[in-house]
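Read through the structure below, which is laid out as structure tokens, and then see the notes.
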Amino acid sequence: MCGVVGIISQNPVASEIYDSLIYLQHRGQDAAGIVTCSNQFHTKKGVGYVRDIFDEINMSRLNGNIGIGHTRYPTSGSYNKEDAQPIWTGVPYGIAMAHNGNLVNKKELTKELYQKGGRFLNPSIEIEVILHLFAGKLEELRSKNNSTNFFNQICQSVNEVFERVEGAYSVISMIISKGMVVFRDPHGIRPLTKGVRTAENGKKDYIFASEPAVFYALGYKIEKDVAPGEVIYISEDGNYQSKILKSKKFKPCIFEYVYFARPDATLDDVSVYRSRLRMGKSLAKLWKDRYPDLIPDIIIPAPATSNSAASAMANELGVRYSEGLYKNPFIGRTFIMPGQKSRKKSIRYKLVPISYEIKNKIVMIIDDSIVRGNTSKEIVKMVRDFGAKKVYLVSACPPINHPCFYGVDIPTRSELIASNKTVEEIRKYINADLLIFQELDDLIDSVTRRGNHNIEKPCSACMDGNYIAGNINQQRMLELEQSRNHERAIL
Ligand code: SF4
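Its first residue numbered -14, the sequence shown is counted upward by one per residue in the working numbering.
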């Protein structure tokens, strides 16, 4: 999972891209980068938080009215500055690119691009595959003096990506002296939203981002989500063109609503906050059905993603909502910290139980999801250490028992607790008195019941194994898992 933003404006864009990255920081805390374009690319990338990478001096070099920014959260590759995005190539024209997603057939395409085109790609930077497929086609059309207009050439080049690349990808690109190119994979798995504002000279400025939280602060209005399989080209002089090249079943990631996106985001016409409230309501119903006589004294969210679901569940059950676990706001989100060791260590630094809220109470903890089980186990232990009489644990997400190959760090079955244990075994492992998981149908209903959207059924492959892109069967899953283990072993 990553955050990506692109702005094409009548004025310099660097500071607005920086602001956007601050708003997208939750989507990736490993590395960040900005590339802007005047008559050349200006680049600054680094490892760590956005606020630590950019300063007055390096920002002052990022000239130009068009630019791309990226916050990185590695699902593959390393934790080095070299793997940070955006990246760029000089042929043809000069093309810079950044993406949010994950490619299923990266390995095969990397090999093929080398064997057929003599292009060496760094195996850990998968956006290079998309960049070189796109650039290769565009160069082929350019060198043939192709007479079709530039937008047609863009469409043919994006089509090359759509035909060849399997997986999830929302891409923002810019081409020197040409403009900005934006596209989203034909299933629309990863989000990408567009905003527009009118500049002082009456022309339009455009912003594209994984989430629209920053739009209001920068004066942009949300116009639409980039459609699955759509390509948008905005030329330097502001001419806007778009086309849907290839559209398959619309399958946005359901985990964005469970965990990743900010609650203030509306993604693909569904409010993340409202969907989380509905998750809480359906959990309350499930609890009442299963344990009508067992009502806790307080309901505490494992902050902060599950706050909304916990407040709705408390309301439905008529139980007091409590912020009995205080979250230190200066510690990063544990789920996206690289490596098990730092993840385990950071939970106690991140959360502090409030003794008065917990002692001698029957406590229900609402967590957004249980992936590896370590966080839940630690939280239950902390609450017990502070004197809870009983601890019930409720997961707003169904058991996650399959890896994600579309951009979220849900790596291999061996690491997923629900892939290896029954619900009762998980309960015992995390030492809760009771444990329930959201039903998958209820989760889907929570996301899709409201909103003027056209999502029939989101991607929930990590919960039901129904992979929609990349023809993932048992054999391929095994190969992809082995390749992930190998990548991590050599880092
Ligand atoms: Fe999202 Fe899970 Fe699908 Fe990955 S597999 S895109 S995390 S719903």
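Beta carbons are placed, not taken as given, at the ideal position from N, Cα and C, and that holds for glycine.
Keep in mind that this is a model prediction, so the values were computed, not measured.
Can you find a heavy atom of the ligand SAH that lies under 6 Å from the Cβ of residue 391? For the ligand SAH, the structure offers nothing, since it holds only the ligand SF4.
Range covered by the alpha helix (DSSP H) that runs through residue 440: Residue 440 -> no alpha helix (DSSP H), and no H or E assigned at all.
Could you pull out every unbroken beta strand (DSSP E) segment of at least 3 residues lying fully inside the region 253 to 328, listed in chain order? 283 to 286 and 310 to 312
Could you tell me which residues DSSP puts in a beta bridge with residue 29? 19
Under the three-state reduction of DSSP, which class applies to residue -11: helix, strand or coil? strand
So what's residue 464 in DSSP terms, helix, strand or just coil? helix
Do residue 219 and residue 205 have their C-beta atoms closer together than 7 Å? no
Please determine if the region 175 to 188 and the region 105 to 120 are in contact, where contact requires at least 3 C-beta pairs separated by less than 8 Å. no
Rounded to the nearest angstrom, what separates residue 31 and residue 5 at their Cα positions? 16 Å
Inter-residue Cα distance where the pair is residue 143 and residue 229: 11 Å
From 45, 34 and 14, pick the residue whose C-alpha is nearest to that of residue -1; which is it? 45
Which residues bound the beta strand (DSSP E) around residue 227? 225 to 229
Indicate, with yes or no, if the ligand SF4 has a heavy atom lying under 6 Å from the CB of residue 446. yes
In the DSSP assignment, find the unbroken beta strand (DSSP E) run with residue 193 in it and report its ends. 189 to 194
Residue 440 to residue 290, Cα distance in whole Å? 23 Å
Three or more C-beta pairs under 8 Å: does that hold for the region 146 to 164 against the region 90 to 98? yes
Where DSSP assigns a beta bridge to residue -1, which residues make up the other side? Residue -1 pairs with nothing; no bridge assigned.
Sorry if obvious, but does the Cβ on residue 238 come closer than 6 Å to a heavy atom of the ligand SF4? yes
Count the other CB atoms within 10 Å of the CB of residue 354; is the residue buried (16 or more) or exposed (fewer)? buried
On the criterion of 16 or more Cβ atoms from any shown chain inside 10 Å, does residue 478 qualify as buried, or is it exposed? Only positions -14 to 476 of the chain appear in the structure, and residue 478 is not among them; the question remains open.
Assuming residue 293 and residue 333 form a contact by the criterion Cβ under 8 Å, report the distance between their Cβ atoms to the nearest whole angstrom. Between residue 333 and residue 293 the Cβ distance is about 24 Å, and since that is not below 8 Å, they are no contact.
Quick one, which of 198, 449 and 379 has its alpha-carbon nearest residue 258's? 198
Cβ-Cβ distance between residue -9 and residue 157 below 7 Å: yes
Which of helix, strand or coil DSSP assigns to residue 209: strand
Looking only at its chain, what residues have a beta carbon closer than 7 Å to the beta carbon of residue 396, apart from the 5 residues adjacent to it on each side? 388 and 469
Assuming residue 421 contacts residue 271 under a Cβ cut-off of 8 Å, what Cβ separation, rounded to an integer in Å, is found between them? 6 Å
Which residue comes first and which comes last in the alpha helix (DSSP H) that contains residue 101? 91 to 102
Consult DSSP for residue 152 and reduce its assignment to one of helix, strand or coil. strand
Would you mind working out which of 372, 163, 336 and 408 sits nearest residue 313, comparing C-alpha positions? 336
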